[in-house]
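Everything in the sequence shown is counted per the numbering used here, starting at 1 for the first residue and increasing by one. For every residue, glycine included, the Cβ atom is placed at its ideal position computed from N, Cα and C. Here's the structure, in structure tokens; my notes come after.
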Amino acid sequence: MTDFLKRSPLLVIVLAQLFGTSLWFSINGVWLSFSRDLGFGETELGWMTLAVQAGFISGTLALAITGLADRFGASRIFALASLLGALVNAGFILVADFLPASLLLRFLTGLCLAGIYPLGMKMVIAWTPKYAGAALAWLVGMLTLGTALPHLMRGATLGMPWQWPLLGASMLALVGGLLIWLLGDGPHLPKRAGSMMLTQGLAALRVPRFRAVAGGYIGHMWELYAFWMLVPLLVGRELERLGHSDQIIPWLAFAIIATGSIGCVLGGFLSRRLGSAWVARRALTTSGLVCLSYPLLSGAPSLILLVLLFVWGLAVIADSPQFSALAAANAPPELVGSSLSVMNAVGFGVTLPAIWLTSSLWAEQSVWVVAWLLPGPVLGLMAFRKLGPDAPPA
């Protein structure tokens with residue numbers, strides 16, 4: 001079995017990533033029936049999403065400071081995080097009606113995700129170093145698909161208790177962890193003792209080109225997760241205007257978010273010919289233009305707005321693997337790992353105020369709340385300009 005998995009390590013890693021990251025938005029996927037049963041609103045949805053993000057940020061910083069990801073095998077940390085994440089996600093069912101406990105378990109879910117997503121990136125480099133750039137696009141694509149998966153699971157279990165999709169996400173995480181445990185660590189990335197100091201990651205910010213890439217990435221992150229959280233709400237508004245049942249919401253929400261996986265793979269393909277900077281700049285510009293136009297067109301026919309959501313879903317994540325590739329290329333070679341850890345931590349950090357702002361203002365501002373996301377792509381593009389003109393790969 002192990003030998004069979006090692007023949008296609010990239011496939012195993014991206015599938016495990018897909019299954020493991022289904023925990024990320026598991027509550028968002030069942031939100032309609034969950035909120036009806038327990039009486040929670042969009043503000044509580046924002047808090048639960050924030051709790052996951054805060055847990056993920058805490059976990060990535062802990063890995064960066066302690067160097068645990070370098071002291072122990074990436075596959076073992078991934079498998080353990082998947083097991084614990086599955087248990088915590090399933091345990092949420094028992095405390096769902098008690099908000100403080102439910103927020104704590106969502107925080108712990110995010111903490112476990114810090115052992116899944118970043119470690120998956122490390123394993124890609126360990127198994128396929130010659131194709132890391134293209135493989136990274138597939139990996140982020142699986143993160144996107146994993147984020148959308150709870151909505152698909154909810155659509156497939158309509159009429160059933162909301163607890164079923166949550167248990168399904170936990171089962172998928174267990175399968176993902178088992179696959180990685182059997183695969184093991186790759187041969188091209190030896191373990192390294194010692195800690196990955198936070199000051200080393202901050203040192204990369206003295207490099208102008210790395211600073212430009214980090215600025216673009218941070219602007220992209222301000223928009224990304226808040227948009228993903230808003231997708232079911234935006235879809236629900238348009239279905240209500242069309243007079244359709246809200247039972248279609250999970251299917252459309254899945255399709256819109258999952259479209260981003262196509263954007264990642266397409267961006268990876270284009271980056272080979274046109275360069276990562278070209279792809280990142282166009283994707284961030286496209287998502288920014290949709291963010292600007294969406295509220296201005298809020299009175300347009302709902303079908304037009306739904307098409308815009310698909311365009312937004314395609315573009316909003318397509319730049320993410322390219323920013324990571326550019327950051328790795330422009331960071332000091334001896335500090336790539338710590339530099340990426342710090343950039344990711346800061347990027348996920350800015351998702352907290354963006355999610356809090358949009359979720360708390362949704363009831364008052366409705367579709368116009370997306371205007372609060374516009375500073376992300378605008379400021380990101382301004383920072384990214386300092387990278388210089390686009391250059392195709394050598």
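Check, Outcome
"Which residue wins for smallest C-alpha separation from Leu-84, given the options Leu-103, Leu-61, Ile-65 and Ala-114?", "Ala-114"
"Compare the beta carbon distance of Tyr-225 and Ser-324 with 9 Å and say whether it is the shorter of the two.", "no"
"Under the three-state reduction of DSSP, which class applies to Ala-300: helix, strand or coil?", "coil"
"Any idea if Met-160 is buried or exposed, counting beta-carbon neighbours within 10 angstroms, 16 or more meaning buried?", "exposed"
"So what's Trp-162 in DSSP terms, helix, strand or just coil?", "coil"
"Spatial neighbours of Ser-75 within its chain, please: C-beta separation below 7 Å, excluding the five flanking residues on both sides.", "Met-123, Ile-180, Trp-181, Leu-183, Gly-184 and Asp-185"
"Taking Ala-331 as the reference, which of Phe-56, Ala-137 and Arg-211 has the closest Cα?", "Arg-211"
"Using the beta-carbon count (16 or more within 10 Å), is Phe-25 buried or exposed?", "buried"
"Rounded to whole angstroms, what is the Cα-Cα separation between Val-235 and Leu-297?", "15 Å"
"Under 9 Å between C-beta atoms, does Ile-256 make it to chain D?", "Included in the structure is just one protein chain, with no chain D present."
"If we ignore side chains and look at the alpha-carbon of each, how far apart do Trp-31 and Leu-381 end up?", "33 Å"
"Going by DSSP in three states, Pro-118 sits in which element: helix, strand or coil?", "helix"
"By how many angstroms is the C-alpha of Pro-301 removed from the C-alpha of Ala-79?", "47 Å"
"Between Ser-58, Ile-27, Leu-139 and Gln-322, which has its C-alpha nearest Leu-270's C-alpha?", "Gln-322"
"Closer than 8 Å by C-beta to Leu-5: which residues in its own chain qualify, once you throw out the five before and the five after it? Chain order, please.", "Val-12, Leu-179, Leu-182 and Leu-183"
"Within its chain, find whatever has a CB closer than 7 Å to the CB of Trp-47; leave out the 5 residues flanking it on each side and keep chain order.", "Leu-103"
"Enumerate, from N- to C-terminal direction, the unbroken alpha helix (DSSP H) stretches of 4 or more residues contained entirely within the segment 303–349.", "320–330"
"Val-311 and Thr-285: beta carbons closer than 9 Å?", "no"
"Using a 10 Å radius around the Cβ and a threshold of 16 neighbouring Cβ atoms, would you call Thr-66 buried or exposed?", "exposed"
"Just the C-alpha distance for Ser-276 and Arg-209, rounded to the nearest angstrom, thanks.", "14 Å"
"Just tell me which of Leu-15, Ala-327, Thr-49 and Gly-20 has its CA closest to the CA of Thr-351.", "Thr-49"
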